[in-house]
Amino acid sequence: MNENMEIIENGCIIIKDDKMVFVGIEKDFDTQLSALSFQQTIDARHKVIMPGLINTHTHAAMSLLRNYADDLALEDWLNKKIFPAEEKLTPASVYWGSMLSIIEMIRTGTTCFADQYFFMEEVAKAVNESGIRANLSRGLLCFDMGFDPKTDMRLLETRELHKNWHNKADGRIKISVAPHSVYTCIPKYLHASAELAKELGVGIHIHLAETKFEADQCIKVNGRSVIEHCNNMGIFDVPTIGAHCIHLSDLDIEIMSRKKVNAANNPGSNLKLASGIARVPEMIKKGVNVSLGTDGPASNNNLDMFEELRLATLISKGYYMDPLVVDAAQGLRMATVNGAKTLGIEKEVGQIKAGMKADLIILDTNRPQYVPDNNMISALAYSSNSTDVETVIVNGKVLMENRELKTIDQEKVFFEASKEAKRLVK
Ligand SMILES: [Zn+2]
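Reading the sequence shown from the start, the letters are residues -16 to 409 in our numbering.
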């Protein structure tokens, strides 16, 4: 996933602890490293090894509300269905919902995800136990003009989450500050969130210009666009994961480029909730880093990043009526290396390179959709499907081998998650 989209044929990777220590062809490995003895060897002949996919925007525990309220407008979906069900959330429901999503992510080749939700200590526990990598943030909503940043319960919880989990679980967990959006946070609160992120030395994870309603409302109430408003509130003074970024003016895109705001594009959710189509090629052209996310599994309704990467490329081609606007390589980079950049961990993951963390997936290419072998980049972007993912490694640890999960009891999770889901939607 480097600039040249280099492919190493008959290659070999050596992993020591959490890192790749050798990436190259087997011949070089024989001479340099044949003296080493290995704990485990994985034969990947007739297979492809690629960096694990990075889902840069989701609400994992919303898997519990999957297929419960569909075919509604975002405002109705949120206000009439999702928010009332979420009132009944408990730490246990968030734990089991997150675990359920982590199973789906591992099975479909995702090795890292950015999550914004409630009871985040439970999500951190699930991430810690399962072995996946994550950027976690407590969703912050505030309409109270009299709030005090020193005593505000949600900001205090964010501090606590940061203290307990930032850089923990062998460095797999990072914490962000997550003001939910401009329509759920008063301006003072957005500002206080940015100040907290600065103080903690972490980034922001926020929904930006997801619906036309949000964009129009922001201009009406604050006299400026969502992007201008967030910029004024200091949000973009720290690294920002901007989820959606659909209803943007040319000026907005310029601000995002100048302030290095990362756009987490969620084509599946945006289509399903009819929120609109992001101006991905124009953002890329202006130098904005664009990555991919599934959004919560209640608005997608899955966490399949191979599907998302295909949607992202196809939608742009169709919408702009130009097959050249987003190509296969760009799609793959959005799902991997750009995702790492969005989460500020591009020095650690997103590529296969000696010295980087071993976050890898192995796909079985001995399947009809990979024959003939004309172009592997195209095959991975356009022909593959997530069931080709056979083995998943995160931080040097095998989480799934030959489709068998190594760290999670799937039956127990299915049972507990189904039980919690029934209680929420009753
Ligand atoms: Zn979202």
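Glycine is no exception: its CB is placed at the ideal position from the N, C-alpha and C atoms.
Under the three-state reduction of DSSP, residue 362 is assigned to helix. Straight-line measurement puts the Cα of residue 210 at about 43 Å from the Cα of residue 5. Proximity of the beta carbon of residue 98 to ligand 1 is not indicated: no heavy atom of the ligand is located closer than 6 Å.
Taking every protein chain shown into account, the CB of residue 157 has 16 or more other CB atoms within 10 angstroms, so this residue is buried.
Counting along the chain, residue 325 sits inside the alpha helix (DSSP H) bounded by residues 320 to 325.
If you draw a straight line from the Cα of residue 320 to the Cα of residue 272, it comes to about 10 Å. Per DSSP, the unbroken alpha helix (DSSP H) holding residue 212 starts and ends at 209 to 215. Look at residue 226: its beta carbon is less than 6 Å from one of the heavy atoms in ligand 1. Under the three-state reduction of DSSP, residue 302 is assigned to helix. At least one heavy atom of ligand 1 sits closer than 6 Å to the Cβ of residue 278. In this structure, the alpha-carbon of residue 269 lies about 16 Å from that of residue 299. With respect to the 7 Å criterion, residue 141 and residue 160 are classified as neighbours on the basis of their beta carbons.
Looking from the CA of residue 291, the closest CA among 282, 318, 313 belongs to 318. Beta-bridge partners assigned by DSSP to residue 188: 224. By the neighbour-count definition (other C-beta atoms within 10 Å, threshold 16), residue 279 is a buried residue. In this structure, residue -9 lies away from residue 359, with their beta-carbon atoms at least 7 Å apart. Nearest C-alpha to residue 343 among 275, 27, 32: 32. Fewer than three pairs of CB atoms, one per stretch, sit closer than 8 Å, so the segment 52 to 59 makes no contact with the segment 334 to 349.
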